[in-house]
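Okay, so here's the structure we're looking at.
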Amino acid sequence: MKKLVRPFALGLSMMVGFGVNIPALNAKTPSKPNQSVANPCEEAQNVCAAESVPLYYNRSADAIKTILEKIVGDGKTGKFAGTFIGENGTGTGEASGNNHNVIVLYGTDDNRKKLKRIIAILDLPRERVNMEMWGILISSDNPQQLAEVMNRVNKEIDKTQQLLQETYNQIKEYSINYALKAENNPDLKIEPDFKNLFTEVLGYKTAFDEDSSSLSMIDILLILLARNKPNIAYNNAANGLCQIFFKKDGQPKEDFQPYLEALAKNEKKRPFENYIRLGLHQEDKGSTPGCNSLKNAEDLDQRNFIARKAVLNFALQYSRLKRIPAEIDPDALQESAETLNSVLEPVVNALNRDIEDLFIQPTLERIQRIVSEYDDVSYAEVGKTSVAGLNGIHSEVSSTSVSTFDETGPLRLSQWLEDAGKLNNSVSSLLPKEVAFEGSPIPVSSLISTVAALSADHSQWRGLTSGISITITPSVLRNSESAELQIDFTTGPKEITQGEESNNGQTKLRPLSRIAQSHVKTSVYVKTLDLFALSTFNNQTTEDGGRGYIPLIGPIWKGFFSGLPIVGDLFSWQNAPNNVQHQSIALVNSFIVPTAMGLAHLYSNSNSNTIPFEYKSSAVERYLDCLKKKNQATVVDSQCFVTSPQQPYQYQQLPPQYQPDFSR
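For the record, in the sequence shown the residue sitting at position 663 is 683 according to our numbering, with numbers rising by one throughout.
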């Protein structure tokens with residue numbers, strides 16, 4: 021995978037001076053004549069120092085430096101001076117060998133803090149789209165059979181895509197009906213205190229909107245962890261997810277039945293087994309997996325507490341960034357984002373494995389069975405690769421193969437005599453003197469070399485280069501439920517050469533007639549869980565059938581008398597050309613990954629965000645402290661939460677002008 025965000029080796033990679041005429045290192049910036057320029061580093065109250073800032077996600081120190089220069093340098097207050105120090109210390113900007121992922125800032129403490137805030141914003145973890153790609157090659161010399169196969173294969177892929185999206189829609193409906201609109205079961209509703217803290221105080225007002233038709237995976241996970249009774253909610257969600265695929269009598273639904281049968285045969289587990297265990301914290305009551313054999317895992321309350329803490333801490337720091345960016349703590353912001361991503365990562369990995377087990381592998385097996393029904397069609401699964409596409413950064417996957425074909429022609433008389441002449445010198449040196457058979461004027465050495473020349477290696481081969489190249493640039497859209505993938509898909513070598521390779525420079529092989537390259541450049545819109553196929557037009561290779569020969573005599577006769585009409589074609593015949601069509605398919609399973617930045621679209625600029633950061637931070641700390649005591653059963657709800665939903669406990673100490681309005 022080709023990365024634009026390149027890993028940069030730790031070390032001194034950039035020395036940056038900033039502020040009003042602040043030089044890099046000890047270099048002095050010349051001032052205009054008769055003009056006095058103040059240098060903050062020379063003032064008694066300001067001490068300039070160097071500080072290294074590691075880059076975690078946007079690991080491109082030179083790119084960050086360029087951005088900082090444009091932000092700070094305006095030509096009036098002094099240029100943002102800086103020198104990029106390479107690994108070899110030459111200052112050329114691009115070091116040999118390793119790259120750089122550290123920026124060294126030089127200047128006053130205040131100015132370093134300002135630039136660290138800018139770097140923290142640029143270096144936040146990006147949203148991403150995980151893509152699992154399977155390469156399939158279907159070939160045939162029978163165009164009619166190949167067309168029938170491809171028609172059935174495309175229908176099979178479309179069916180899997182439809183069921184995958186239907187599964188995600190069922191998960192969304194469950195989140196709305198059993199959590200946001202759970203009037204009949206208050207244990208499954210969103211906890212009022214968490215909701216008020218998250219939406220009213222921290223400012224994420226669009227969260228938990230029961231009228232929203234758009235729910236991303238991060239929205240669904242947020243709804244799941246925020247419910248009143250986690251132990252009941254997780255168990256209910258696990259059974260609900262499992263029962264998407266089964267009827268009330270426990271029998272598989274008709275559309276899902278072949279997928280479930282393949283899953284039971286290959287993996288012997290229930291659908292979405294990994295997510296149910298890692299994401300919903302469920303264990304089996306017995307030895308046989310089933311939708312009704314689930315129970316909550318141990319320490320479920322503690323796991324839920326860790327997840328809520330990670331969400332609230334990032335929400336707190338990000339709200340500060342949106343409200344007062346000049347006062348953010350860059351270390352706290354990045355640490356909170358990383359902590360939340362570490363909580364989400366096991367869930368992401370579990371869902372990826374579940375989708376592959378339940379949908380992708382059965383689809384590949386059915387495609388193989390379809391191809392096996394046709395005698396003249398062959399199937400090859402050429403491999404799988406995984407790509408974690410960062411938002412806005414392109415990834416490239418390339419594969420090249422070389423196929424060789426034996427193109428040995430008939431033995432030519434000229435070549436035979438040439439080889440015999442070369443061998444004659446070697447044979448003559450082995451004999452004591454020139455001798456000949458009685459009655460024959462030809463020396464023995466010549467007879468031996470002539471016969472030996474028949475066994476010389478005259479093989480010729482052709483090297484045919486082919487390959488596949490995919491470049492994908494994902495762009496996660498605003499609601500994090502869909503994404504646009506810009507795709508550049510090429511089959512065949514990226515660079516077309518004029519001739520084919522051979523191991524005999526004296527004999528020129530006739531180039532094959534073929535479609536050397538197909539190129540598709542397009543954009544694809546995908547949902548949170550999606551499946552699509554990338555394909556090109558058929559690649560056809562036409563190979564000359566060559567001539568067939570009667571063993572032994574045929575090649576020799578053709579070599580000696582090929583120049584004679586009619587007579588030269590005796591003992592051989594012309595084969596018909598062989599046309600082989602190839603269809604390359606890249607089956608791509610995409611998953612818009614829930615990340616910390618997925619919460620950003622829930623933030624709303626409103627008057628409630630005028631609440632000071634200190635009060636927001638205090639509210640989060642008090643809520644988490646109370647939740648921990650509640651989980652430890654050291655307090656009861658009445659000691660921790662007030663009974664009035666209009667005035668949760670966290671906000672009683674806020675000044676009147678900062679009191680959130682919960683009456684809406």
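For each residue, glycine too, the CB sits at the ideal point set by N, CA and C.
> Considering only residues of the same chain and omitting the five flanking positions on each side of Thr491, which have a CB-CB separation below 6 Å?
Replying inline: His414, Glu416, Asp508
> Quick one: Cα of Phe292 to Cα of Ser236, how far?
Replying inline: 18 Å
> Going by other Cβ atoms of all chains shown within 10 Å of its Cβ, with 16 needed for buried, is Pro575 buried or exposed?
Replying inline: buried
> CA-CA distance, His539 and Ser610?
Replying inline: 21 Å
>> Looking at the strands, I want to know which residues DSSP matches up with Gln506.
In response: Thr493, Ser543
> Which residue from Asn369, Gly155, Lys85 puts its Cα closest to that of Leu142?
Replying inline: Lys85
>> Short of 6 Å in beta carbon distance, which residues of its chain neighbour Asp550, apart from the five on each side in sequence? Order them along the chain.
In response: Ser610
> Buried or exposed: Thr511, going by 16 or more other Cβ atoms within 10 Å of its Cβ?
Replying inline: buried
>> Please return the same chain residues whose Cβ sits closer than 6 Å to the Cβ of Ile743, not counting the five positions on each side in sequence.
In response: The structure shown does not extend to residue 743, since the chain spans only 21 to 684, so no value can be given for it.
> Among the residues of its own chain, which have a CB less than 8 Å from the CB of Ile210, if the five just before and after it don't count?
Replying inline: Ala199, Leu200, Phe228, Ile243, Ala246, Arg247, Asn248
> Do the CB positions of Ile387 and Val173 come within less than 8 Å of each other?
Replying inline: yes
>> Once DSSP output is grouped into helix, strand and coil, what is the label at Gly568?
In response: strand
> Tell me which same chain residues have a C-beta within less than 7 Å of the C-beta of Asn324, skipping the five on either side of it?
Replying inline: Leu245, Pro250
> Rounded to the nearest angstrom, how far is the Cβ of Val363 from that of Ala327, given a contact under 8 Å?
Replying inline: 5 Å
> CA-CA distance, Tyr279 and Gln271?
Replying inline: 13 Å
>> Within 10 Å of its beta-carbon, does Arg290 have 16 or more other beta-carbons around it, so buried, or fewer, so exposed?
In response: buried
> So, are the CB atoms of Ser469 and Leu437 less than 8 Å apart?
Replying inline: no
> Ends of the beta strand (DSSP E) at Leu549?
Replying inline: 549 to 555
> Nearest-angstrom Cα distance between Asp351 and Pro206?
Replying inline: 39 Å
>> Classify Ala400: buried if its beta carbon has 16 or more other beta carbons within 10 angstroms, exposed otherwise.
In response: exposed
> For Thr405, does the three-state DSSP call read helix, strand or coil?
Replying inline: strand
> Distance, Cα to Cα, Ile380 vs Ile605?
Replying inline: 14 Å
> So, helix, strand or coil for Phe611, using DSSP?
Replying inline: strand
>> Beta-carbon within less than 7 Å of Asp275's beta-carbon, same chain only, minus the 5 sequence neighbours each way: which residues are those?
In response: Leu183
>> Taking the alpha carbon of Ser418 as the reference point, which residue from Val149, Trp154, Val544, Pro212 has its own alpha carbon closest?
In response: Trp154
> Considering only the beta carbon of each residue, do Ser543 and Arg567 sit closer than 8 Å?
Replying inline: no
> For the beta strand (DSSP E) that contains Tyr126, what are its first and last residues?
Replying inline: 122 to 127
> Among the residues of its own chain, which have a CB less than 6 Å from the CB of Gly109, if the five just before and after it don't count?
Replying inline: In this prediction, Gly109 has a pLDDT of 36, which is less than 50 and means its spatial position is unreliable; what the coordinates show is noted afterwards. Hits under 6 Å: none found.
>> What would DSSP say about Gly441, mapped onto helix, strand or coil?
In response: helix
>> Would Tyr623 and Gln354 qualify as a contact pair, given that the criterion is a beta-carbon distance under 8 Å?
In response: no
> Under a three-way DSSP split, which group does Thr517 fall into?
Replying inline: For Thr517, the predicted structure reports a pLDDT of 49, less than 50, and the residue's modelled location is therefore unreliable. The matter cannot be settled from this model.
> What number of angstroms, rounded off, separates the C-alpha of Val169 from the C-alpha of Asn369?
Replying inline: 33 Å
> So, is Gly618 buried or exposed, given that buried needs 16 or more other C-beta atoms within 10 angstroms?
Replying inline: buried
> Would the beta-carbon of Ile264 fall within 8 Å of that of Gln190?
Replying inline: yes
> Just the Cα atoms here: how many angstroms apart are Thr97 and Arg340?
Replying inline: The pLDDT assigned to Thr97 is 40, lower than 50, so where the model puts this residue is not dependable; a value taken from the coordinates is nonetheless given after this. Taking the straight line from one Cα to the other gives about 29 Å.
>> On the CB-based measure, 16 or more other CB atoms within 10 Å of its CB, does Ser356 come out buried or exposed?
In response: buried
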